[in-house]
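Numbering (the working numbering), first residue to last: 9 to 201. Quick reminder that beta carbons are idealized off the backbone N, C-alpha and C, glycines included. Following: one structure in structure tokens, then a few remarks.
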Ligand code: GAR
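Set out below in structure tokens:
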């Protein structure tokens with residue numbers, strides 16, 4: 009076995025977890041890429057049911073573990089090649105960012121730098137797109153740094169917004185883009201390492 013080619017990913021989510029499920033399912037076809045852990049700060053998050061039914065280890069951490077070194081130690085013991093945020097709403101502590109340079113990525117449901125920053129997640133982002141009268145929105149996959157939604161951009165894809173669009177219809181279009189592109193971008197990043 010060529011262990012050096014084994015790639016490990018860890019996923020963080022706070023909510024439903026459709027992106028987490030989609031990424032796990034995508035990589036289940038690749039036996040040299042393993043999803044080692046799903047992490048959440050929210051014990052009621054839908055992502056937990058998804059991880060359970062996909063037989064992927066999961067863990068709900070509390071605030072103390074997040075801010076002291078326990079979660080960092082957990083991550084370091086797994087040695088992930090990539091840490092993937094998918095609908096994860098907390099800011100990543102500096103100690104974790106420093107420990108995993110260029111290994112933490114996030115997906116944002118709009119075309120950054122527009123409609124990003126603290127408090128901009130999920131439907132709030134789509135409402136902001138409607139309120140601005142934008143004619144397009146999309147997805148941004150970017151590296152995570154110490155500021156919300158400010159790390160360097162890896163990938164963007166746009167989709168049209170029409171006057172008839174609602175928060176829900178935009179969310180659907182954006183999720184479609186996310187489900188198509190997020191696993192592919194993750195895969196490419198792992199290949200490029
Ligand atoms: C996704 O659309 C993701 O881009 C967004 O949360 C949704 C989670 O959906 N993330 C943010 O808004 C981060 N600022 P999911 O739980 O179905 O994967």
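query	result
Assign residue 186 to one of two classes, buried (16 or more other C-beta atoms within 10 Å of its C-beta) or exposed (fewer than that).	buried
What does the alpha-carbon distance come out to for the pair residue 196 and residue 33?	16 Å
Taking the alpha carbon of residue 31 as the reference point, which residue from 78, 103, 176 and 190 has its own alpha carbon closest?	190
Taking just the CA atoms, how far does residue 18 sit from residue 183?	20 Å
What three-state label does DSSP hand residue 107 in the structure shown?	helix
Could you say which of 89, 25 and 88 lies nearest to residue 61 if we only look at CA atoms?	25
Ends of the alpha helix (DSSP H) at residue 54?	54-61
Excluding five sequence neighbours on each side, which residues of the same chain lie with their C-beta closer than 7 Å to the C-beta of residue 153?	105 and 159
What whole-angstrom Cβ distance do residue 169 and residue 137 have, given they're in contact under 8 Å?	6 Å
Looking at the ligand GAR, does it come within less than 6 Å of residue 26, judged from the CB to the closest heavy atom?	yes
Locate the beta strand (DSSP E) running through residue 90, then write down its first and last residues.	90-93
Cα separation between residue 131 and residue 176?	8 Å
State the DSSP-derived secondary structure class of residue 34, mapped to helix, strand or coil.	helix
First and last residue of the alpha helix (DSSP H) that includes residue 199?	175-200
For a test of the three-state rule: what should DSSP assign to residue 158, helix, strand or coil?	coil
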